[in-house]
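Participant: This structure is in structure tokens; I'll ask about it shortly.
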Amino acid sequence: MKRFTGLLLSVLAVIVLAVIPLISGKASTREAMFTILMAIALASSLNMLLGYTGYVSFGHIVFFGVGGYAGFYTLTVLGWNLWLSMLVGGATAALLAYLLGKSILRLRGAYFALATIGVNEAMRALVNNMDFLGGPIGMTMKFSVYNEYGGAANALWLVYWVLSGIALLVVIVSYLVKRSKFGLGLMAIREDEDAAEVMGVRAPSAKTWSYVLSAVFPGLIGMLFFFKNGNIEPGDAFRLHLSIELIVMVMLGGFGTVLGPVLGAGVYQQLRKLLLTSPVFKNIQLAVAGVLLLLIILFIPTGAVGWLRRRFPRLRRVLE
Amino acid sequence: MNLDVLIASAVDGLLIGFVYGVAAMGLTLIFGVMDVINLAHGPLIAIGMFGVYEIFTYVGMNPYLALIIVAVVGLAVGVLVYFVAVHRVIDAPPLSSLLSTFSVNMMIIGVGTAILTTSAYNVDFSLPSLDTGPITVTGTRLAAALIAVGVTALLYAFLYRTRSGKYIRAVANNRQAAELMGIPSTRILALAFGIGTMLAMTAGGLIATILPINILAGGTYELKSFVIVVLGGLGNPLGALVGGLILGLIEGLVPVFMKTTWVPVLEFGLFILILLVMPQGLFGRKES
Amino acid sequence: MILHVENVTKQFGGLTAVDNVTFSLEGGEILGLIGPNGAGKTTLFNCINGVYTPTSGRVVFRDEDITGKRTYDIARRGMARTHQIVRPLNDLTVRENVIVGACYGREGLSLHAATEVAEDVIEFVGLTDRVEMLAGSLNVAQKKRLEMARALAANPYLLLLDEVLAGLNTSEVTSMLDTIRQIRDRGITIIMIEHIMHAIMNLSDRIIVLNYGEMIADGLPDEVAQNPQVIEAYLGDEDLAAKILEEERS
Numbered sequence: 015m016k017r018f019t020g021l022l023l024s025v026l027a028v029i030v031l032a033v034i035p036l037i038s039g040k041a042s043t044r045e046a047m048f049t050i051l052m053a054i055a056l057a058s059s060l061n062m063l064l065g066y067t068g069y070v071s072f073g074h075i076v077f078f079g080v081g082g083y084a085g086f087y088t089l090t091v092l093g094w095n096l097w098l099s100m101l102v103g104g105a106t107a108a109l110l111a112y113l114l115g116k117s118i119l120r121l122r123g124a125y126f127a128l129a130t131i132g133v134n135e136a137m138r139a140l141v142n143n144m145d146f147l148g149g150p151i152g153m154t155m156k157f158s159v160y161n162e163y164g165g166a167a168n169a170l171w172l173v174y175w176v177l178s179g180i181a182l183l184v185v186i187v188s189y190l191v192k193r194s195k196f197g198l199g200l201m202a203i204r205e206d207e208d209a210a211e212v213m214g215v216r217a218p219s220a221k222t223w224s225y226v227l228s229a230v231f232p233g234l235i236g237m238l239f240f241f242k243n244g245n246i247e248p249g250d251a252f253r254l255h256l257s258i259e260l261i262v263m264v265m266l267g268g269f270g271t272v273l274g275p276v277l278g279a280g281v282y283q284q285l286r287k288l289l290l291t292s293p294v295f296k297n298i299q300l301a302v303a304g305v306l307l308l309l310i311i312l313f314i315p316t317g318a319v320g321w322l323r324r325r326f327p328r329l330r331r332v333l334e
Numbered sequence: 071m072n073l074d075v076l077i078a079s080a081v082d083g084l085l086i087g088f089v090y091g092v093a094a095m096g097l098t099l100i101f102g103v104m105d106v107i108n109l110a111h112g113p114l115i116a117i118g119m120f121g122v123y124e125i126f127t128y129v130g131m132n133p134y135l136a137l138i139i140v141a142v143v144g145l146a147v148g149v150l151v152y153f154v155a156v157h158r159v160i161d162a163p164p165l166s167s168l169l170s171t172f173s174v175n176m177m178i179i180g181v182g183t184a185i186l187t188t189s190a191y192n193v194d195f196s197l198p199s200l201d202t203g204p205i206t207v208t209g210t211r212l213a214a215a216l217i218a219v220g221v222t223a224l225l226y227a228f229l230y231r232t233r234s235g236k237y238i239r240a241v242a243n244n245r246q247a248a249e250l251m252g253i254p255s256t257r258i259l260a261l262a263f264g265i266g267t268m269l270a271m272t273a274g275g276l277i278a279t280i281l282p283i284n285i286l287a288g289g290t291y292e293l294k295s296f297v298i299v300v301l302g303g304l305g306n307p308l309g310a311l312v313g314g315l316i317l318g319l320i321e322g323l324v325p326v327f328m329k330t331t332w333v334p335v336l337e338f339g340l341f342i343l344i345l346l347v348m349p350q351g352l353f354g355r356k357e358s
Numbered sequence: 027m028i029l030h031v032e033n034v035t036k037q038f039g040g041l042t043a044v045d046n047v048t049f050s051l052e053g054g055e056i057l058g059l060i061g062p063n064g065a066g067k068t069t070l071f072n073c074i075n076g077v078y079t080p081t082s083g084r085v086v087f088r089d090e091d092i093t094g095k096r097t098y099d100i101a102r103r104g105m106a107r108t109h110q111i112v113r114p115l116n117d118l119t120v121r122e123n124v125i126v127g128a129c130y131g132r133e134g135l136s137l138h139a140a141t142e143v144a145e146d147v148i149e150f151v152g153l154t155d156r157v158e159m160l161a162g163s164l165n166v167a168q169k170k171r172l173e174m175a176r177a178l179a180a181n182p183y184l185l186l187l188d189e190v191l192a193g194l195n196t197s198e199v200t201s202m203l204d205t206i207r208q209i210r211d212r213g214i215t216i217i218m219i220e221h222i223m224h225a226i227m228n229l230s231d232r233i234i235v236l237n238y239g240e241m242i243a244d245g246l247p248d249e250v251a252q253n254p255q256v257i258e259a260y261l262g263d264e265d266l267a268a269k270i271l272e273e274e275r276s
């Protein structure tokens with residue numbers, strides 16, 4: 015049990031957030047929690063690449079989009095059920111990550127970051143041209159599909175619980191990786207890739223697997239999200255700004271920690287909601303986020319959790 | 071395949087390619103001098119676009135004269151952005167400057183969208199077209215290309231003929247050594263960033279004279295700039311110009327053969343390909 | 027024979043950094059590698075442990091041709107190395123740094139086993155009281171010890187030490203020399219690049235001298251110290267030449 019104290023806070027946070035809608039029973043609360051939990055799951059996934067391995071992926075949202083499209087296609091066009099489609103989404107994203115891992119992970123630093131942007135944009139432009147995926151208009155799901163899952167209302171609750179489960183899973187996996195030999199190897203790569211290789215870390219394959227791991231969950235979640243949405247189009251699926259927001263969440267909370275992305279995502283989403291509902295800040299929500307990001311980068315680059323860990327070394331065991 | 075159509079498309083593409091080149095030069099200069107990828111590049115281009123639009127529409131000044139004002143403002147804005155977002159993280163890991171410049175991007179877009187919304191605007195200005203028999207070239211497009219060439223020449227004159235320019239090249243080459251020789255690196259870095267921004271905004275202004283503009287279009291040109299900069303070689307201004315021409319050519323010619331929507335696929339495909347196969351670009355990076 | 031370097035040459039464009047170097051190394055030896063600055067010593071190390079692939083020639087480690095293999099493959103075969111300019115994993119603790127060495131070295135230990143090995147090695151190099159500190163916060167001497175601990179934790183057959191004594195004061199040097207002797211006594215073969223003459227002359231069983239990439243001497247410390255070619259190579263550095271001649275006289 016002692017081994018898992020660091021995991022406690024994160025798991026607790028996710029569980030608490032997940033059950034809030036149960037208490038209020040309202041669909042609006044559920045939707046709000048859905049957004050937060052999704053952000054937590056996506057940010058935590060990204061953290062495994064960004065925070066542990068140190069590779070900055072600016073276009074990470076591509077896995078969300080690719081998974082979404084793949085799953086949506088099998089669901090609506092091929093008529094497969096939701097679960098299978100979700101797996102297809104995850105698998106497709108993982109496959110893309112594996113292929114990319116073999117190619118663009120060779121690049122370092124800024125070159126890699128730019129390449130990930132290129133990949134996202136190329137994918138969006140490609141999908142835009144694929145008529146079998148609906149082209150620029152995208153695909154729409156027949157409302158009747160919800161009936162297979164007990165009707166629309168039921169389906170939305172179902173999706174919510176599945177997402178909560180995935181968020182919990184991501185957090186746990188994140189923790190397990192961090193405490194594993196594999197995770198240590200990743201962090202060695204982050205600190206000094208060449209030195210890590212001299213010590214025997216097989217960097218190319220380690221990086222690829224961390225990339226795949228960071229892509230699988232967005233793939234699953236993408237499918238879920240667009241199923242809930244009822245339709246999918248290139249603009250929604252490959253929104254670069256969402257990618258960047260994920261990075262902000264990870265940096266805000268503290269990269270390389272398990273709690274960091276959870277905290278960062280939660281706080282950021284709340285902030286966003288606050289800004290969107292405030293008449294003063296509504297239109298400049300992005301600008302405020304920008305100021306926030308700048309302040310973090312300039313003054314607390316290790317994020318909230320990072321700062322807390324340095325300030326209170328005794329709490330390190332709990333703030334993992 | 072009509073040869074005239076082909077030539078006309080190619081020429082159109084090349085002309086705007088010059089303008090793309092100027093934009094990309096700003097990005098590559100900043101990278102070459104301080105190893106920072108300016109993710110605020112797009113919004114800065116957009117400010118240039120709207121600068122010319124606003125001055126033209128509300129003051130009634132000739133857009134090409136407005137361009138000069140925009141350029142000067144660009145220099146000032148660049149220096150400001152440098153001190154606010156870049157200076158403190160200049161020696162930090164690359165992620166820091168990527169995120170700090172991106173935060174400036176977010177700020178500009180956020181405020182810009184609030185003020186201007188995302189609708190398109192048009193600079194209603196035209197010059198007589200040039201008719202060279204088989205092809206007709208829009209006057210404004212030709213003017214933009216000529217100005218772009220002029221700006222490039224000025225940039226090179228500055229870098230190679232003035233003292234500040236030499237300082238910039240020295241700092242780009244080896245900042246520590248330059249400091250040891252008494253070059254005030256902070257001022258030079260700020261100046262370089264300012265010039266990079268000036269180029270971006272000037273390009274934006276030029277684009278405004280040719281095409282409709284909106285606040286988010288900056289993002290599109292930013293992405294194009296990335297492709298160009300990688301194509302031409304990060305840190306090489308001349309490479310950026312050539313890269314711009316190549317991209318312009320692709321944009322001009324591809325729609326003749328296939329749907330316009332394939333252009334971005336080709337652009338980004340090329341981008342990734344170059345990063346993998348020839349990351350130093352066509353002209354390689356300056357030795358550090 | 028634990029290592030055999032055969033006609034290894036490394037060229038960078040027009041520059042020949044290592045020129046046709048050949049030597050062998052028996053298990054349990056301490057081999058000193060000396061030469062003026064820029065002679066190609068670190069480059070030779072890089073060719074041996076896989077950072078560079080030699081332009082020509084072979085490197086045979088424990089009867090296996092490892093020429094051109096990647097650093098991580100060579101590390102797993104039991105070769106470890108320290109760097110001239112230390113490379114600590116800054117944001118990881120001292121313990122974590124050493125565990126990496128133990129996990130990914132010759133033995134490929136599990137995290138649990140590696141943690142135990144790490145404790146031992148950290149004690150051996152004398153960093154026990156800093157075990158929870160972040161590697162980035164250590165001073166130079168401590169970072170050098172950390173670098174050594176990481177290499178040792180991998181339980182290598184062969185250890186390449188690149189100027190471990192540079193930047194240390196006199197007492198730190200003496201201390202480090204003791205440690206190196208203890209490492210040899212554990213059965214680990216060592217190649218050392220060093221500039222501190224008295225140290226390397228005393229410690230090494232054999233010495234190799236490089237100058238402009240070429241090997242100009244290979245023999246016992248006394249022989250090498252009297253070798254006119256060696257002295258000439260160092261004449262540019264008067265102090266060093268004087269020291270060598272003085273050592274020889276006394």
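Chains as they are written, first to last, in our numbering: chain Z, 15 to 334; chain E, 71 to 358; chain A, 27 to 276. By construction, the Cβ of each residue, glycine as well, lies at the ideal position given by its N, Cα and C atoms.
(1) I want to verify the contact list: residues of chain E whose CB lies under 7 angstroms from the CB of Ala217(Z), in sequence order.
(2) Report yes or no: is there a C-beta of chain Z within less than 8 angstroms of the C-beta of Phe338(E)?
(3) Can at least three beta-carbon pairs, one atom from the region 35-43 of chain Z and one from the region 256-269 of chain Z, be found at a separation below 8 angstroms?
(4) Helix, strand or coil, according to DSSP, for Gly235(E) in the structure here?
(5) Counting pairs of beta carbons, one from the region 284-298 of chain E and one from the region 131-148 of chain E, are three or more of them closer than 8 angstroms?
(6) Alpha carbon to alpha carbon, how far is His221(A) from Val256(A)?
(7) Using a Cβ-Cβ cut-off of less than 7 angstroms, list which residues of the region 211-234 of chain E approach chain Z; keep chain order.
(8) Could you pull out every residue in the same chain whose Cβ sits closer than 6 angstroms to the Cβ of Trp171(Z), ignoring the five residues on either side in sequence?
(9) State whether the region 48-63 of chain A contacts the region 210-217 of chain A, with contact taken as three or more CB pairs (one from each stretch) at a distance under 8 angstroms.
(10) Quick check on Val181(E) - is its C-beta less than 8 angstroms from some C-beta in chain Z?
(11) Which residue marks the beginning of the alpha helix (DSSP H) containing Thr267(E), and which one marks its end?
(12) If you measure between the beta carbons of Ile100(A) and Gly76(A), is that distance less than 8 angstroms?
(13) For Tyr78(A), collect the residues of the same chain with a Cβ closer than 8 angstroms to its Cβ; drop the 5 residues on either side in sequence, then sort them by chain order.
(14) Chain Z partners of Ile342(E), CB-CB under 9 angstroms?
(15) Can you find at least 3 beta carbon pairs, one from the region 151-166 of chain A and one from the region 239-248 of chain Z, that sit closer than 8 angstroms?
(16) Given that Tyr125(Z) touches chain E, what residues does it touch there, using C-beta distances under 9 angstroms?
(17) Is there a C-beta anywhere in chain Z that falls below 8 angstroms from the one on Arg121(A)?
(18) Say whether chain Z places a C-beta atom closer than 8 angstroms to the C-beta of Asp117(A).
(19) Where does Gln299(Z) sit, in a helix, a strand or coil, going by DSSP?
(20) Identify, in the order they occur along the chain, each residue of the same chain with its Cβ nearer than 7 angstroms to the Cβ of Ile314(Z), setting aside the five sequence neighbours on each side.
(21) Taking a contact to mean a Cβ-Cβ separation below 8 angstroms, would you say Asn32(A) touches Thr42(A) in this structure?
(22) Report buried or exposed for Pro232(Z), applying the criterion of at least 16 other Cβ atoms within 10 angstroms of its Cβ.
(23) Spatial neighbours of Asp38(E) within its chain, please: CB distance less than 6 angstroms, with the 5 preceding and 5 following residues excluded, ordered by chain position.
(24) For chain Z, check one thing: does any of its Cβ atoms lie closer than 8 angstroms to the Cβ of Thr188(E)?
(25) Just to confirm my understanding: we take Pro275(Z), look at its own chain, exclude 5 residues before and 5 after, and list those with CB closer than 7 angstroms. What are they?
(26) Any idea if Glu337(E) is buried or exposed, counting beta-carbon neighbours within 10 angstroms, 16 or more meaning buried?
(27) At a CB-CB cut-off below 8 angstroms, which residues of chain E make contact with Val302(Z)?
(28) Using three-state DSSP, classify Val86(A) as helix, strand or coil.
(29) Measuring alpha carbon to alpha carbon, tell me which of Pro254(A), Gly245(A), Asp117(A) ends up nearest Ser163(A).
(30) Determine, using beta carbons only, whether Gly81(Z) and Thr49(Z) come nearer to each other than 8 angstroms.
(31) Helix, strand or coil, according to DSSP, for Met223(A) in the structure here?
(32) Taking Cβ-Cβ distances below 9 angstroms as the criterion, which residues of the region 96-110 of chain E are in contact with chain Z?
(33) Using 8 angstroms for Cβ pairs, my map puts Leu140(Z) next to Arg158(E). What's the rounded Cβ distance?
(34) Considering only C-alpha positions, which residue in the set Pro164(E), Leu286(E), Ala78(E), Met348(E) is nearest to Arg211(E)?
(35) Can you have a look at Asp188(A) and say buried or exposed, based on whether 16 or more other CB atoms are within 10 angstroms of its CB?
(36) Tell me whether Phe120(E) is buried or exposed, calling it buried when 16 or more other Cβ atoms sit within 10 Å of its Cβ.
Facilitator: The short version:
(1) Those within 7 angstroms of Ala217(Z) in chain E number zero; the least Cβ separation is about 17 angstroms.
(2) Output row for Phe338(E): interface = yes.
(3) No contact exists between the region 35-43 of chain Z and the region 256-269 of chain Z.
(4) Reduced to three states, the DSSP call for Gly235(E) is helix.
(5) No: the two stretches stay apart, fewer than three of their Cβ pairs being nearer than 8 angstroms.
(6) Answer to the nearest angstrom: the Cα atoms are 14 angstroms apart.
(7) Within the region 211-234 of chain E, no residue places its CB atom closer than 7 angstroms to a CB of chain Z.
(8) Taking C-beta separations shorter than 6 angstroms and ignoring five residues to either side along the sequence, Trp171(Z) has no partners in its chain.
(9) Segment contact: the region 48-63 of chain A against the region 210-217 of chain A, three or more CB-CB distances shorter than 8 angstroms; contact assigned.
(10) Taking Cβ atoms only, chain Z reaches closer than 8 angstroms to Val181(E), which makes this a yes.
(11) Membership of Thr267(E) in the alpha helix (DSSP H) is indicated by the continuous run 255-280.
(12) Going by C-beta atoms, Ile100(A) is nearer than 8 angstroms to Gly76(A).
(13) Hits under 8 angstroms: Lys36, Thr69, Asn72.
(14) The contacting residues are Ser117, Ile118, Ala129, Gly132, Val133, Ala136.
(15) Flag = no, the region 151-166 of chain A and the region 239-248 of chain Z do not touch.
(16) Below the 9 angstroms Cβ cutoff, chain E contributes Val300, Leu304, Leu345, Pro349 as neighbours of Tyr125(Z), in chain order.
(17) Cβ-Cβ to chain Z under 8 angstroms: no for Arg121(A).
(18) Interface annotation, Asp117(A): in contact with chain Z, CB-CB separation under 8 angstroms.
(19) Helix, per DSSP.
(20) For Ile314(Z), the CB contacts under 7 angstroms within the same chain, skipping 5 residues up- and downstream, are Trp321 in chain order.
(21) Per the sequence shown, the amino acid found at residue 32(A) is Glu instead of Asn. Not closer than 8 angstroms, so no.
(22) Around the CB of Pro232(Z), 16 or more other CB atoms lie within 10 Å, so the residue is classed as buried.
(23) Outside the displayed range of chain E (71 to 358) lies residue 38(E), so it cannot be described from this structure.
(24) Answer no: the Cβ-Cβ gap between Thr188(E) and chain Z never drops below 8 angstroms.
(25) Ile54, Ala57, Ser58, Asn61, Met263, Val264, Gly267.
(26) Buried, by the Cβ-count rule.
(27) Going along chain E in sequence order, the residues near Val302(Z) (Cβ under 8 angstroms) are Gly180.
(28) Collapsing the DSSP output to three states places Val86(A) in a strand.
(29) For Ser163(A), the nearest C-alpha among the options comes from Asp117(A).
(30) The beta carbons of Gly81(Z) and Thr49(Z) sit no closer together than 8 angstroms.
(31) Helix, per DSSP.
(32) For the region 96-110 of chain E, the set of residues with a beta-carbon nearer than 9 angstroms to any beta-carbon of chain Z comprises Phe101, Asp105, Val106, Ile107, Leu109, in chain order.
(33) Their Cβ separation, rounded to whole angstroms, is 39 angstroms, which puts Leu140(Z) and Arg158(E) out of contact at 8 angstroms.
(34) Between Arg211(E) and the set Pro164(E), Leu286(E), Ala78(E), Met348(E), the nearest pair of CA atoms involves Ala78(E).
(35) With 16 or more Cβ atoms within 10 Å of its Cβ, Asp188(A) is classed as buried.
(36) Classification for Phe120(E): buried.
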